[in-house]
Amino acid sequence: MAHDQDPAHADAGAYDFASIQAKWLPVWEELQPFRAGRPGDMRPRKYILDMFPYPSGDLHMGHAEAFGYGDTVARYWRQQGFDVLHPVGWDSFGLPAENAAIKRGIDPRPWTYDNIEQQKRSFRQYAPSFDWSRELHTSDPEYYKWNQWLFLKLYEKGIAYRKAGQVNWCPNDQTVLANEQVIDGHCERCGAVVTKKALTQWYFRVTDYADRLLDDLNQLEGAWPSKVLSMQRNWIGRSAGADVEFEIEGRDERVSVFTTRPDTLYGATFMVVAPDSELAAELAAEASDEVRSRFQGYLDSVRAESDIDRLSTERPKTGIFLERYAVNPVNGERLPIWAADYVLADYGHGAIMAVPAHDQRDLDFARAFGLPVRVVVDTNAPVTGVIPVIPLDEHGDPVLPDDYEPVDPATTGIALAGEGRLINSGPLDGLSKSNAIRRVIELLAERGLGRASKNFRLRDWLISRQRYWGTPIPIIHCVECGEVPVPESELPVRLPDAAGLDLKPKGASPLGAAEEWSKVACPNCGGDARRDSDTMDTFVDSSWYYLRYLNPNDDTIAFDPAEAEKWMPVDQYVGGVEHAILHLLYSRFITKVLFDLGYLSFTEPFTSLLNQGMVIMDGAKMSKSKGNLVEFASELSAHGADALRVTLAFAGPPEDDIDWADVSPVGAAKFLARAWRISGEVTSSPDIEWKSGNPALRRITHRLLADAPSLIEAFKFNVVVARLMELVNATRKAIDSGAGAADAAVREASEVTAMILNLFAPYTAEDMWERLGYEPTVALVPWRKPDPALLVEESVTAIVQVDGKVRDRLEVSPKVSGDELEALARSSAGVARAIGEREIVNVIVRPPRLVNIATRA
1 MAHDQDPAHA DAGAYDFASI QAKWLPVWEE LQPFRAGRPG DMRPRKYILD MFPYPSGDLH
61 MGHAEAFGYG DTVARYWRQQ GFDVLHPVGW DSFGLPAENA AIKRGIDPRP WTYDNIEQQK
121 RSFRQYAPSF DWSRELHTSD PEYYKWNQWL FLKLYEKGIA YRKAGQVNWC PNDQTVLANE
181 QVIDGHCERC GAVVTKKALT QWYFRVTDYA DRLLDDLNQL EGAWPSKVLS MQRNWIGRSA
241 GADVEFEIEG RDERVSVFTT RPDTLYGATF MVVAPDSELA AELAAEASDE VRSRFQGYLD
301 SVRAESDIDR LSTERPKTGI FLERYAVNPV NGERLPIWAA DYVLADYGHG AIMAVPAHDQ
361 RDLDFARAFG LPVRVVVDTN APVTGVIPVI PLDEHGDPVL PDDYEPVDPA TTGIALAGEG
421 RLINSGPLDG LSKSNAIRRV IELLAERGLG RASKNFRLRD WLISRQRYWG TPIPIIHCVE
481 CGEVPVPESE LPVRLPDAAG LDLKPKGASP LGAAEEWSKV ACPNCGGDAR RDSDTMDTFV
541 DSSWYYLRYL NPNDDTIAFD PAEAEKWMPV DQYVGGVEHA ILHLLYSRFI TKVLFDLGYL
601 SFTEPFTSLL NQGMVIMDGA KMSKSKGNLV EFASELSAHG ADALRVTLAF AGPPEDDIDW
661 ADVSPVGAAK FLARAWRISG EVTSSPDIEW KSGNPALRRI THRLLADAPS LIEAFKFNVV
721 VARLMELVNA TRKAIDSGAG AADAAVREAS EVTAMILNLF APYTAEDMWE RLGYEPTVAL
781 VPWRKPDPAL LVEESVTAIV QVDGKVRDRL EVSPKVSGDE LEALARSSAG VARAIGEREI
841 VNVIVRPPRL VNIATRA
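In case it helps, the UniProt record's numbering puts the sequence shown at residues 1 to 857.
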């Protein structure tokens, strides 16, 4: 095979990707053509960013796809005359490195940085147009110093805070998890079933920004995938309703309950509190010994359950009566209070009013424990049109017809969740749902017992982790002074050396055992104190890294607001949809915080988002256990970077999965060889007059120049590659059948092929450019403007079908009318033979491209 040859002795007439790669890579490294923001560069700017990789090993096929797409976009905008910032770095803190270090009995540092070096070598061979001068690693003290600075800024504003509570706990990794890191009740990293644990942890108040995070998604419509926007909206989960104040007998303080259906208050027959809430513990403490004992056992079992299990509608309802009563604020009824696992401590205020007739989970619970069910919404009543007059008796209660029998959920077991008119609800009777909600909120507000409110599914971001390989939290705990921020002048708080520390997960951070590191003097009083032993969630690292790229080598500032004004927000972000909630939500949050702090002038970090699909094999996700793993390194060695990049670009729309079994890097390599050979056959000089060339070939060339920009900007990379293949085939045909390699149109077509091929196959494009007589680099050559005169079609090919089969092709004017085109089709000898004696029953004409004739015997 050609690529097995020594590059120094490769056949000059054969396309050999290995020799071409070996030739151009050192040239690019010397020229550094992709450095952005050079002094005096007055071009308009574009910031193209790929989600940076985690260094768990060498690059894989998913990296090849995502970074190939991002590089196509970056190269395109350079050719459009922009100064393009396209940086690279590594998200290098985190559990995988720590777990690998534990398994091997080593420090996570060498494992991490060795992997970075391996990925860097592979990246250089794959040749994305990175500005390597801006390379960063989040595990460098020079980077995580600014994580700590960011934490302190949030702490100053009360956005970073510490509190005790029930948190998600991974028993395998022995660390807490944010809600977003729990997938279907399992740890998103290791898959272990997540439990709850009482701990004091650090949080960021992302809920303070819930409304803005939700509403500002409107700015991204059409620029972000609709799937991602929906996922974020659902995760934030804004609900409108009311906070209703309930008195608890024997308790001075009222309990606030959030409900989206305050109109059903008259149907509340009991209250439910989350077993793991502070309220449940308080109420149970004053119950009988028997109830206290049963409650404690129940609480222990609930803590072992995941939130997904607790919210399931399929499992039987369980609970404990706490021997206490609440008072319904609208009618004074006593409501028994139960602790039940289907209510979560972090939903609303950890307590709900149960309306079993109109909520299925409440109904299931009421039927299980024999609690009352009262219908207050007649779902058979019309909610539009004329409101029926409901007569009232002397007590103000509705007088219903003798034969009126509302559906009884207590009997059917099915809650009435539909629209209707209020009944059994005093002053709300006869009102529709929306009017009843508005009226009952007014009544509650008048009595000081409630108010309109909103609730969110989103919870504050739990950022502390009980592991070693992460950013130390810059807080010192003093017996006298409490929490004391580390002075900015003392940043970074560096991780201590891992030597001598037991990194195995055990529920507490290994940093607590680093006595020399942990024990410090309090910055306020000088007394004995200890550093916070937790590290930050690594999503803090990636929540602002796009800003650090603006000046990664400046140790005096996290980022320069002036540079942010020049480059931000990111024009094009590329990465996997698996980050739709975690990373993207946190990045949007931090951007809004920095805007409020006066560091940024924009509130959304990423203007446009491209999510790539997965690279699979034989219809399934690649894995060693399935035996269907395709290794990036072996494919790169076998076919070369350009063939891989063209294969991935040509496979289909970027958002679709690519089955490697269905694509052909061998075919891509053959295409590249055809294009490369043509560049070597061109005999005309670079200064030849284009207009003297073959007009048919020139029209194909200029149509591609005209069409490619809109296709690239719509991410239709596969269409551009297909059009390039057509141009190469047309050029080959022109050489073989026309004026030959000396034709000006052949040179023009070959030059345009090299320029556009630079987007997908930079090595081949660069070598073609040199063979055509130019200096490197083709990546910086401005996009040529198409000649409008060559875009006017002199004729088009119209297809004529008879009963679905092509019977003729007609060369017609682009402006041919439907009648003219039909007449031409009917006069065609081939069409006439196909019709014969059959009857024409229908003719469909789509000028100027198609005539479809249907017949019958």
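The beta carbon of each residue, even a glycine, is placed where N, CA and C say it ideally should be.
In this structure, Pro847 keeps its C-beta atom at 7 Å or more from the C-beta atom of Gly804. The three-state secondary structure of Lys433, taken from DSSP, is helix. Excluding five sequence positions before and after Gly613, the CB atoms of its chain that fall closer than 6 Å to its own CB belong to Glu655, Asp656 and Asp657, given in chain order. Relative to the Cα of Ile236, the nearest Cα in the group Leu824, Leu582, Val663 and Val720 belongs to Leu582.
For the region 521-582, the full-length beta strand (DSSP E) segments reaching 3 residues or more read 528-531 and 572-576 along the chain.
When C-alpha distances from Asn424 are compared across Val330, Ala340 and Gly413, the shortest belongs to Val330. Counting only the Cα atoms, Gly267 lies some 11 Å from Gly426. Residue pairing by DSSP puts Arg238 in a beta bridge opposite Phe456. With contacts defined by Cβ atoms closer than 7 Å, Leu416 and Leu422 do not form a contacting pair. One alpha carbon belongs to Pro695, the other to Trp111, and they sit about 59 Å apart.
Residue environment for Lys317: buried (at least 16 other C-beta atoms within 10 angstroms of its C-beta). Look at Glu323 here: in three-state DSSP terms it is strand. In the three-state reduction of the DSSP assignment, His639 falls in the helix class. Membership of Gly62 in any beta strand (DSSP E) is not indicated; the residue belongs instead to the alpha helix (DSSP H) covering Met61 to Gln79. Within 10 angstroms of the beta-carbon of Ser92 lie 16 or more other beta-carbons, which makes it buried. In the three-state reduction of the DSSP assignment, Phe369 falls in the helix class, which pools H, G and I. Inclusion of Leu697 and Ala749 in the CB contact set at 7 Å is warranted, their separation being smaller than that value. Contact annotation: the region 499-511 does not touch the region 536-545, with fewer than three C-beta pairs closer than 8 Å. Closest by C-alpha distance to Gly62, out of Ala242, Leu629, Asn718 and Gly319, is Leu629. DSSP places Trp146 in the helix class (H, G or I) of the three-state scheme. Its chain contains Ser750, Met768, Arg771 and Leu772 as the residues whose beta carbon lies nearer than 6 Å to that of Ser679, once the 5 sequence neighbours on both sides are disregarded; these appear in chain order. Cβ-Cβ separation between Pro523 and Leu495: approximately 20 Å, too far for a contact (criterion under 8 Å). The beta carbon of Ala66 lies closer than 8 Å to those of Asp50, Met51, Val574, Gly575, Gly576 and Gln612 in the same chain, with the five residues before and after it left out. About 21 Å separates the CB atoms of Ala340 and Glu247; that is not less than 8 Å, and the two are not in contact. Per DSSP, Met51 lies in no alpha helix (DSSP H) segment and is marked neither H nor E. Annotated three-state conformation of Trp224 is strand, per DSSP. Between the C-alpha atoms of Thr683 and Asp16 there is a straight-line separation of about 22 Å. Sixteen is the threshold: when 16 or more other Cβ atoms of the shown chains lie within 10 Å of the Cβ of Arg374, as they do, the residue is buried. Gln201 has Lys163 as its beta-bridge partners, per DSSP. The DSSP-derived three-state label of Trp169 is strand. The Cβ-Cβ distance between Ile320 and Arg294 falls below 7 Å. Runs of the beta strand (DSSP E) lying entirely within the region 762-804, each at least 3 residues long, are 796-802 in chain order. For Leu727, the enclosing alpha helix (DSSP H) covers residues Phe717 to Ser737. When C-alpha distances from Ala410 are compared across Val377, Glu419, Pro372 and Glu442, the shortest belongs to Pro372. Within the model, the alpha-carbon separation for Gly13 versus Gly836 is close to 55 Å.
In the displayed model, Thr259 falls within a strand according to three-state DSSP.
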